[in-house]
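Residue numbers (this note's numbering): 610 to 932. Quick reminder that beta carbons are idealized off the backbone N, C-alpha and C, glycines included. Working notes, structure below.
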(Lines of atoms letter the chains of each structure in order from A and count residues from 1; the text may use other names and numbers.)
(Lines give C-alpha, C1' and ligand atoms only; values in the text may rest on other atoms or scores of the structure.)
Protein backbone atom coordinates (compact mmCIF):
# COMPACT_ATOMS: atom_id res chain seq x y z
CA UNK A 1 0.00 0.00 0.00
CA UNK A 2 1.52 3.28 -1.15
CA UNK A 3 1.95 6.18 1.22
CA UNK A 4 0.11 9.39 0.19
CA UNK A 5 2.42 12.34 -0.45
CA UNK A 6 2.91 14.67 2.49
CA UNK A 7 1.92 18.34 2.38
CA UNK A 8 5.56 19.52 2.09
CA UNK A 9 6.09 17.13 -0.84
CA UNK A 10 2.99 18.45 -2.59
CA UNK A 11 4.10 22.03 -2.05
CA UNK A 12 7.57 21.29 -3.41
CA UNK A 13 6.08 19.59 -6.47
CA UNK A 14 3.74 22.54 -7.05
CA UNK A 15 6.66 24.96 -6.77
CA UNK A 16 8.73 22.97 -9.28
CA UNK A 17 5.80 22.88 -11.69
CA UNK A 18 5.26 26.64 -11.33
CA UNK A 19 8.92 27.34 -12.07
CA UNK A 20 8.80 25.14 -15.17
CA UNK A 21 5.72 26.94 -16.43
CA UNK A 22 7.43 30.27 -15.73
CA UNK A 23 10.50 29.16 -17.68
CA UNK A 24 8.38 28.00 -20.62
CA UNK A 25 6.22 31.13 -20.72
CA UNK A 26 9.23 33.42 -20.32
CA UNK A 27 11.03 31.66 -23.15
CA UNK A 28 7.95 32.17 -25.31
CA UNK A 29 7.93 35.91 -24.73
CA UNK A 30 11.72 35.99 -25.19
CA UNK A 31 11.49 34.45 -28.67
CA UNK A 32 8.66 36.77 -29.72
CA UNK A 33 10.36 39.98 -28.56
CA UNK A 34 13.71 38.81 -29.90
CA UNK A 35 12.23 39.11 -33.38
CA UNK A 36 11.49 42.80 -32.87
CA UNK A 37 15.21 43.66 -32.99
CA UNK A 38 17.14 40.63 -34.25
CA UNK A 39 16.54 41.66 -37.86
CA UNK A 40 18.02 45.16 -37.42
CA UNK A 41 21.62 44.15 -38.11
CA UNK A 42 20.68 42.20 -41.23
CA UNK A 43 19.05 45.02 -43.21
CA UNK A 44 22.15 45.78 -45.26
CA UNK A 45 22.83 42.09 -45.96
CA UNK A 46 19.20 41.37 -46.91
CA UNK A 47 19.08 44.44 -49.17
CA UNK A 48 22.08 43.15 -51.10
CA UNK A 49 20.58 39.67 -51.27
CA UNK A 50 17.31 40.94 -52.76
CA UNK A 51 18.80 43.97 -54.57
CA UNK A 52 16.50 46.41 -52.82
CA UNK A 53 16.86 49.43 -50.52
CA UNK A 54 17.04 49.46 -46.74
CA UNK A 55 14.09 51.86 -46.79
CA UNK A 56 11.97 49.22 -48.50
CA UNK A 57 13.19 46.63 -46.02
CA UNK A 58 12.07 48.82 -43.13
CA UNK A 59 8.72 47.13 -43.70
CA UNK A 60 10.31 43.86 -42.56
CA UNK A 61 10.45 45.48 -39.13
CA UNK A 62 7.30 47.61 -39.37
CA UNK A 63 5.05 44.83 -40.66
CA UNK A 64 5.93 42.75 -37.60
CA UNK A 65 5.60 45.57 -35.07
CA UNK A 66 2.33 47.01 -36.41
CA UNK A 67 0.48 43.72 -36.81
CA UNK A 68 1.81 42.43 -33.49
CA UNK A 69 0.52 45.48 -31.61
CA UNK A 70 -2.86 45.44 -33.35
CA UNK A 71 -3.48 41.75 -32.64
CA UNK A 72 -2.56 41.61 -28.94
CA UNK A 73 -6.00 42.46 -27.56
CA UNK A 74 -7.96 40.17 -29.95
CA UNK A 75 -5.46 37.39 -29.15
CA UNK A 76 -6.10 37.75 -25.43
CA UNK A 77 -9.85 37.58 -25.94
CA UNK A 78 -9.49 34.47 -28.14
CA UNK A 79 -7.41 32.79 -25.44
CA UNK A 80 -9.94 33.58 -22.72
CA UNK A 81 -12.74 32.02 -24.73
CA UNK A 82 -11.10 29.05 -26.48
CA UNK A 83 -8.37 28.07 -24.03
CA UNK A 84 -5.07 29.66 -23.13
CA UNK A 85 -2.98 26.53 -23.52
CA UNK A 86 -4.52 25.80 -26.92
CA UNK A 87 -3.96 29.33 -28.24
CA UNK A 88 -0.41 29.41 -26.81
CA UNK A 89 0.54 26.21 -28.62
CA UNK A 90 -1.16 27.35 -31.84
CA UNK A 91 0.77 30.60 -31.56
CA UNK A 92 4.08 28.79 -31.19
CA UNK A 93 3.34 26.44 -34.10
CA UNK A 94 2.29 29.29 -36.39
CA UNK A 95 5.22 31.44 -35.31
CA UNK A 96 7.62 28.61 -36.16
CA UNK A 97 5.96 28.01 -39.55
CA UNK A 98 6.06 31.71 -40.48
CA UNK A 99 9.67 31.95 -39.28
CA UNK A 100 10.52 29.13 -41.68
CA UNK A 101 8.81 31.03 -44.52
CA UNK A 102 10.79 34.15 -43.62
CA UNK A 103 14.02 32.18 -43.69
CA UNK A 104 13.17 30.69 -47.09
CA UNK A 105 11.82 33.92 -48.62
CA UNK A 106 12.73 34.27 -52.32
CA UNK A 107 12.19 38.05 -52.44
CA UNK A 108 11.57 41.08 -50.24
CA UNK A 109 7.79 41.13 -50.79
CA UNK A 110 7.46 37.52 -49.65
CA UNK A 111 9.60 38.26 -46.60
CA UNK A 112 7.48 41.26 -45.61
CA UNK A 113 4.23 39.30 -46.00
CA UNK A 114 5.65 36.41 -43.96
CA UNK A 115 6.73 38.81 -41.23
CA UNK A 116 3.19 40.19 -41.00
CA UNK A 117 1.79 36.67 -40.62
CA UNK A 118 4.54 35.83 -38.12
CA UNK A 119 3.35 38.76 -36.01
CA UNK A 120 -0.21 37.41 -35.91
CA UNK A 121 0.99 34.23 -34.23
CA UNK A 122 3.47 36.13 -32.05
CA UNK A 123 0.52 38.08 -30.66
CA UNK A 124 -1.09 34.79 -29.61
CA UNK A 125 1.95 33.86 -27.52
CA UNK A 126 2.34 36.97 -25.35
CA UNK A 127 -1.02 37.27 -23.52
CA UNK A 128 -1.42 33.51 -23.20
CA UNK A 129 2.06 33.04 -21.73
CA UNK A 130 1.41 35.37 -18.79
CA UNK A 131 -2.14 34.03 -18.38
CA UNK A 132 -0.75 30.50 -18.02
CA UNK A 133 1.97 31.59 -15.57
CA UNK A 134 -0.06 33.59 -13.04
CA UNK A 135 -2.41 30.82 -11.76
CA UNK A 136 0.63 28.70 -10.90
CA UNK A 137 1.81 31.19 -8.26
CA UNK A 138 0.20 32.35 -5.03
CA UNK A 139 -0.91 35.96 -5.00
CA UNK A 140 2.01 36.99 -2.79
CA UNK A 141 4.54 35.70 -5.34
CA UNK A 142 2.94 36.77 -8.59
CA UNK A 143 4.89 40.00 -8.75
CA UNK A 144 8.08 37.93 -8.98
CA UNK A 145 6.64 35.89 -11.85
CA UNK A 146 5.48 39.00 -13.71
CA UNK A 147 8.87 40.67 -13.16
CA UNK A 148 10.72 37.64 -14.51
CA UNK A 149 8.41 37.37 -17.52
CA UNK A 150 8.77 41.07 -18.32
CA UNK A 151 12.53 41.03 -17.85
CA UNK A 152 12.85 38.21 -20.38
CA UNK A 153 11.00 40.27 -22.97
CA UNK A 154 13.19 43.31 -22.31
CA UNK A 155 16.36 41.20 -22.42
CA UNK A 156 15.29 39.73 -25.76
CA UNK A 157 14.87 43.17 -27.32
CA UNK A 158 18.28 44.24 -26.02
CA UNK A 159 20.08 41.04 -27.08
CA UNK A 160 18.41 40.88 -30.50
CA UNK A 161 21.04 42.88 -32.41
CA UNK A 162 23.91 40.89 -30.90
CA UNK A 163 22.34 37.51 -31.64
CA UNK A 164 21.34 38.70 -35.10
CA UNK A 165 24.88 39.91 -35.80
CA UNK A 166 26.41 36.56 -34.81
CA UNK A 167 23.97 34.57 -36.93
CA UNK A 168 24.33 36.88 -39.94
CA UNK A 169 28.11 37.04 -39.77
CA UNK A 170 28.86 33.37 -39.14
CA UNK A 171 25.88 31.61 -40.76
CA UNK A 172 23.38 33.56 -42.90
CA UNK A 173 20.75 36.26 -42.41
CA UNK A 174 18.17 33.53 -43.02
CA UNK A 175 19.12 31.92 -39.72
CA UNK A 176 17.84 34.91 -37.75
CA UNK A 177 14.41 33.51 -38.65
CA UNK A 178 15.15 29.79 -38.97
CA UNK A 179 16.59 29.65 -35.43
CA UNK A 180 13.05 30.04 -34.11
CA UNK A 181 11.90 26.74 -35.60
CA UNK A 182 13.75 24.26 -33.35
CA UNK A 183 13.22 26.46 -30.28
CA UNK A 184 9.46 26.57 -30.84
CA UNK A 185 9.37 22.83 -31.55
CA UNK A 186 10.96 22.09 -28.17
CA UNK A 187 8.56 24.50 -26.44
CA UNK A 188 5.53 22.86 -28.07
CA UNK A 189 6.75 19.42 -26.97
CA UNK A 190 7.08 20.41 -23.32
CA UNK A 191 4.12 22.78 -23.35
CA UNK A 192 1.71 20.06 -24.46
CA UNK A 193 2.76 17.97 -21.45
CA UNK A 194 3.37 20.64 -18.84
CA UNK A 195 0.72 23.33 -19.23
CA UNK A 196 -2.77 23.20 -17.77
CA UNK A 197 -5.70 24.33 -19.89
CA UNK A 198 -7.79 27.24 -18.64
CA UNK A 199 -10.48 29.42 -20.13
CA UNK A 200 -13.13 31.92 -19.17
CA UNK A 201 -16.49 30.98 -20.75
CA UNK A 202 -17.94 34.31 -19.63
CA UNK A 203 -15.26 36.33 -21.38
CA UNK A 204 -16.45 39.04 -23.71
CA UNK A 205 -16.26 38.39 -27.43
CA UNK A 206 -13.72 39.56 -29.98
CA UNK A 207 -13.24 43.34 -29.81
CA UNK A 208 -14.65 45.63 -32.46
CA UNK A 209 -13.13 44.43 -35.78
CA UNK A 210 -13.34 47.91 -37.30
CA UNK A 211 -11.37 49.24 -34.35
CA UNK A 212 -8.74 46.51 -34.82
CA UNK A 213 -8.30 47.54 -38.46
CA UNK A 214 -8.11 51.22 -37.56
CA UNK A 215 -5.56 50.74 -34.76
CA UNK A 216 -3.27 49.05 -37.31
CA UNK A 217 -4.08 51.34 -40.25
CA UNK A 218 -3.29 54.68 -38.57
CA UNK A 219 0.35 53.89 -37.61
CA UNK A 220 0.83 51.91 -40.84
CA UNK A 221 -0.18 54.88 -43.00
CA UNK A 222 1.96 57.24 -40.94
CA UNK A 223 4.92 54.83 -41.17
CA UNK A 224 4.45 54.54 -44.93
CA UNK A 225 4.59 58.30 -45.37
CA UNK A 226 7.67 58.71 -43.15
CA UNK A 227 9.56 55.77 -44.69
CA UNK A 228 8.73 56.52 -48.33
CA UNK A 229 9.06 60.31 -48.05
CA UNK A 230 12.86 60.49 -48.45
CA UNK A 231 12.76 58.16 -51.48
CA UNK A 232 9.63 59.31 -53.30
CA UNK A 233 9.85 62.93 -52.23
CA UNK A 234 7.74 64.66 -49.61
CA UNK A 235 5.47 66.13 -52.29
CA UNK A 236 4.69 62.72 -53.80
CA UNK A 237 0.89 62.11 -53.88
CA UNK A 238 1.23 58.74 -52.14
CA UNK A 239 3.29 60.24 -49.31
CA UNK A 240 0.83 63.10 -48.86
CA UNK A 241 -2.05 60.62 -48.94
CA UNK A 242 -0.39 58.62 -46.17
CA UNK A 243 -0.17 61.63 -43.88
CA UNK A 244 -3.69 62.81 -44.70
CA UNK A 245 -5.33 59.41 -44.22
CA UNK A 246 -3.49 58.81 -40.93
CA UNK A 247 -4.66 62.19 -39.64
CA UNK A 248 -8.22 61.56 -40.87
CA UNK A 249 -8.55 58.05 -39.46
CA UNK A 250 -7.23 58.86 -35.99
CA UNK A 251 -10.39 60.72 -34.88
CA UNK A 252 -12.45 57.97 -36.51
CA UNK A 253 -10.68 55.45 -34.29
CA UNK A 254 -11.26 57.59 -31.19
CA UNK A 255 -14.95 57.94 -32.08
CA UNK A 256 -15.25 54.21 -32.71
CA UNK A 257 -13.61 53.44 -29.37
CA UNK A 258 -16.14 55.67 -27.63
CA UNK A 259 -19.22 54.11 -29.25
CA UNK A 260 -18.42 50.44 -29.97
CA UNK A 261 -19.93 47.78 -27.71
CA UNK A 262 -16.54 46.08 -27.28
CA UNK A 263 -13.93 48.73 -28.13
CA UNK A 264 -10.31 47.88 -28.79
CA UNK A 265 -9.27 50.65 -26.42
CA UNK A 266 -11.19 51.76 -23.34
CA UNK A 267 -10.89 55.55 -23.49
CA UNK A 268 -11.93 55.81 -19.83
CA UNK A 269 -8.43 54.61 -18.90
CA UNK A 270 -7.01 57.93 -20.09
CA UNK A 271 -8.89 59.66 -17.27
CA UNK A 272 -6.44 57.99 -14.87
CA UNK A 273 -3.41 60.24 -14.48
CA UNK A 274 -0.98 57.41 -13.72
CA UNK A 275 -2.09 55.57 -16.86
CA UNK A 276 -1.43 58.64 -19.01
CA UNK A 277 1.98 59.26 -17.48
CA UNK A 278 3.15 55.65 -17.72
CA UNK A 279 2.07 55.33 -21.34
CA UNK A 280 3.66 58.65 -22.29
CA UNK A 281 6.93 57.59 -20.64
CA UNK A 282 6.80 54.20 -22.35
CA UNK A 283 6.22 55.85 -25.73
CA UNK A 284 9.18 58.19 -25.29
CA UNK A 285 11.47 55.40 -24.09
CA UNK A 286 10.48 52.99 -26.87
CA UNK A 287 10.88 55.66 -29.55
CA UNK A 288 14.38 56.54 -28.36
CA UNK A 289 15.50 52.97 -27.58
CA UNK A 290 14.36 51.22 -30.76
CA UNK A 291 15.27 54.22 -32.91
CA UNK A 292 18.78 54.17 -31.47
CA UNK A 293 19.19 50.44 -32.02
CA UNK A 294 18.13 50.60 -35.66
CA UNK A 295 19.73 53.90 -36.73
CA UNK A 296 23.11 53.16 -35.14
CA UNK A 297 23.36 49.80 -36.86
CA UNK A 298 22.36 51.17 -40.27
CA UNK A 299 24.82 54.07 -39.87
CA UNK A 300 27.71 51.74 -39.02
CA UNK A 301 26.97 49.43 -41.93
CA UNK A 302 26.18 52.01 -44.64
CA UNK A 303 28.52 54.89 -43.73
CA UNK A 304 31.43 53.04 -42.14
CA UNK A 305 30.90 49.82 -44.14
CA UNK A 306 31.42 47.86 -40.95
CA UNK A 307 30.57 44.15 -40.69
CA UNK A 308 27.82 42.92 -38.39
CA UNK A 309 30.43 41.90 -35.85
CA UNK A 310 34.07 41.03 -35.69
CA UNK A 311 37.43 42.74 -35.19
CA UNK A 312 37.14 45.21 -38.05
CA UNK A 313 34.66 47.57 -36.35
CA UNK A 314 37.10 49.17 -33.86
CA UNK A 315 39.43 50.05 -36.75
CA UNK A 316 36.79 52.54 -37.92
CA UNK A 317 36.56 54.47 -34.68
CA UNK A 318 39.10 57.04 -35.91
CA UNK A 319 36.40 58.46 -38.17
CA UNK A 320 34.76 60.02 -35.14
CA UNK A 321 37.72 62.40 -35.03
CA UNK A 322 38.17 62.97 -38.75
CA UNK A 323 37.43 66.51 -39.98
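Helix, strand or coil for residue 692, going by three-state DSSP, please let me know.
-> coil
Using a Cβ-Cβ cut-off of 6 Å (strictly less than) and excluding sequence neighbours within five positions of residue 673, which residues of its own chain qualify?
-> 724, 728
Coil, strand or helix - residue 867 by DSSP | helix
Is the beta carbon of residue 792 less than 8 Å from the beta carbon of residue 773?
-> no
Hey, out of 844, 892, 651, 852, whose CA is closest to residue 771's CA?
-> 651
Who are the Cβ neighbours of residue 888 in its own chain at under 6 Å, not counting the five residues just before and after it?
-> none
Close Cβ partners of residue 708 (< 7 Å) along its chain, the five nearest in sequence each way excluded | 727, 786, 787, 789, 790
Contact the region 826-836 vs the region 792-801: 3+ CB pairs below 8 Å = no
Look at residue 872 and residue 816 and say whether their C-beta atoms are less than 8 Å apart.
-> yes
Span separating the alpha-carbon of residue 638 from that of residue 758 = 7 Å
Beta-carbon contacts of residue 694 that lie in its chain and below 6 Å, excluding the five residues immediately before and after = 804, 806
Around the C-beta of residue 782, are 16 or more other C-beta atoms found within 10 angstroms, so that it is buried, or is it exposed?
-> buried
Residue 791, enclosing alpha helix (DSSP H) - first and last residue = 789-803
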